[in-house]
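Data first, discussion second: the structure below is written as structure tokens.
Number of protein chains: 2
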Amino acid sequence: MDTFSILRNHNLRRTACREGILKVMMTSGKALSESEIRSHLMGNFDRTTFYRSFKTMEDSGILHKIVVDDRMVRYGLSEAVTGKSSHPHFYCTTCHSVFCLDQSLVAPQLPSGFSTDDLEMIVKGVCKKCNA
Amino acid sequence: MDTFSILRNHNLRRTACREGILKVMMTSGKALSESEIRSHLMGNFDRTTFYRSFKTMEDSGILHKIVVDDRMVRYGLSEAVTGKSSHPHFYCTTCHSVFCLDQSLVAPQLPSGFSTDDLEMIVKGVCKKCNA
DNA sequence: TCCATTAATGCAACAAATTTGTATTTGCAA
DNA sequence: TTGCAAATACAAATTTGTTGCATTAATGGA
Ligand SMILES: [Mn+2]
Ligand SMILES: [Mn+2]
Ligand SMILES: [Zn+2]
Ligand SMILES: [Zn+2]
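For the protein sequence lines, the chains are A and B, in the order given. The opening position of the first sequence corresponds to residue 1 in our numbering, with each subsequent residue numbered one higher. The opening position of the second sequence corresponds to residue 1001 in our numbering, with each subsequent residue numbered one higher.
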């Protein structure tokens, strides 16, 4: 799917910043941070614009935000683009890459009276490349 | 277990700040943020000192850091104090409380070549009190 | 194609959470 | 009791993200 179709299918205007973000993310195959995306785009856009673009595309279901740690936030392409549903993430403690995993998430047993809205899981370890 | 023993068992010096943090946490039964702990201790210590104390006690296994979201970090008493092992956490989106859950965590299937060091899960929802 | 409308962007300022440097104080072992 | 390493306070810096506002650009319809 091309960046133009992705944006149009979600009723978002086609802008250079949004298309740049999507292109970088589709190429990398990993979840990326604001600063990583900005450096790939050679500083063509303001930081504010990236943050507003992330928010817009997250609200539209194109991206999802992954909080690896405070001070480490990444964005990944969502179901609408990749076909994957809610899933755990893997953080490599060596190369700091973040990958979306294919599994689905299972809620743990909760105390009585508690209800669940959302589940998030981060697996920390070492990726294939760094283990080699 | 008293705060003195906890610190001594982990080869940490007994200081007013560390004992204050532990006392507040043992009383509350929930995971607390730096500002919550600071307000319980009536501003007796500098914020820097709290952050350095958290780090020291986390490194020693007395506390664990819970990242609910970027911009929302809490600390909980660890296994060494409570007897609980690695566990998921629950965040109430209504009252913003964070609870350590009793279940244990199961790692999802990883791609070949990947290895796991640590697992973190946050369940977001509504707690018993807020559901009532 | 041209235009009006409305959304997107850039820029400056702001803000909160956390970290770092350093001089001073304190815990504790000898 | 004393010496020394560790802990603390305070100021300043960093990191990450947000907000207000004037300017620019995308898009649908004339
Ligand atoms: Mn993902
Ligand atoms: Mn916990
Ligand atoms: Zn790696
Ligand atoms: Zn609640």
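Note that CB positions come from ideal geometry on N, CA and C, so glycine has one too.
Identity of the residues DSSP links to residue i by a beta bridge
{"i": "L1063/B", "result": "L1077/B"}
{"i": "H1040/B", "result": "According to DSSP, which records beta bridges pairwise, H1040/B is partnered with nothing at all."}
{"i": "M1072/B", "result": "D1069/B"}
{"i": "H89/A", "result": "C100/A, I122/A"}
Beta-carbon gap between residue i and residue j smaller than 8 Å
{"i": "S53/A", "j": "C17/A", "result": "yes"}
{"i": "I1006/B", "j": "I1062/B", "result": "yes"}
{"i": "R1074/B", "j": "L1101/B", "result": "no"}
{"i": "H119/A", "j": "S86/A", "result": "Strictly speaking, residue 119/A in this sequence is Leu, with His absent from that position. Yes, these two residues count as a Cβ contact at 8 Å."}
{"i": "M1124/B", "j": "D59/A", "result": "The question names Met, but residue 1124/B is Lys in the sequence shown. No, the Cβ-Cβ distance between K1124/B and D59/A is not below 8 Å."}
{"i": "E1034/B", "j": "R1047/B", "result": "yes"}
{"i": "K1030/B", "j": "S1097/B", "result": "yes"}
For residue j and residue i, the rounded distance between their alpha carbons
{"i": "F1114/B", "j": "V1067/B", "result": "23 Å"}
{"i": "F99/A", "j": "M1057/B", "result": "30 Å"}
{"i": "F1004/B", "j": "H89/A", "result": "39 Å"}
{"i": "T94/A", "j": "A107/A", "result": "29 Å"}
{"i": "M1042/B", "j": "C1130/B", "result": "28 Å"}
{"i": "L1077/B", "j": "N1009/B", "result": "15 Å"}
{"i": "R1071/B", "j": "H1040/B", "result": "20 Å"}
{"i": "T49/A", "j": "M1/A", "result": "24 Å"}
{"i": "G20/A", "j": "R14/A", "result": "10 Å"}
{"i": "K55/A", "j": "H64/A", "result": "9 Å"}
{"i": "V1126/B", "j": "R1038/B", "result": "26 Å"}
{"i": "V1081/B", "j": "T1027/B", "result": "13 Å"}
{"i": "S1112/B", "j": "N1044/B", "result": "51 Å"}
{"i": "Q1103/B", "j": "E79/A", "result": "29 Å"}
{"i": "L12/A", "j": "M25/A", "result": "18 Å"}
{"i": "A1132/B", "j": "A132/A", "result": "52 Å"}
Exercise. What residues sit near ligand 3, counting only those whose C-beta is closer than 7 Å to one of its heavy atoms, in chain order?
Worked result: Selection output, chain order preserved: C92/A, T94/A, C95/A, S97/A, V126/A, C127/A, K129/A, C130/A.
Problem set entry | Ranges of the beta strand (DSSP E) found wholly within the segment 1091-1127 of chain B, counting only runs of at least 3 | As far as the segment 1091-1127 of chain B is concerned, its whole beta strand (DSSP E) runs of at least 3 residues are 1098-1100, 1115-1126.
Exercise. Which runs of the alpha helix (DSSP H) fall wholly inside the segment 1011-1056 of chain B and span at least 4 residues, in chain order?
Worked result: Taking only runs of at least 4 residues, the alpha helix (DSSP H) segments lying wholly in the segment 1011-1056 of chain B are 1016-1028, 1034-1040.
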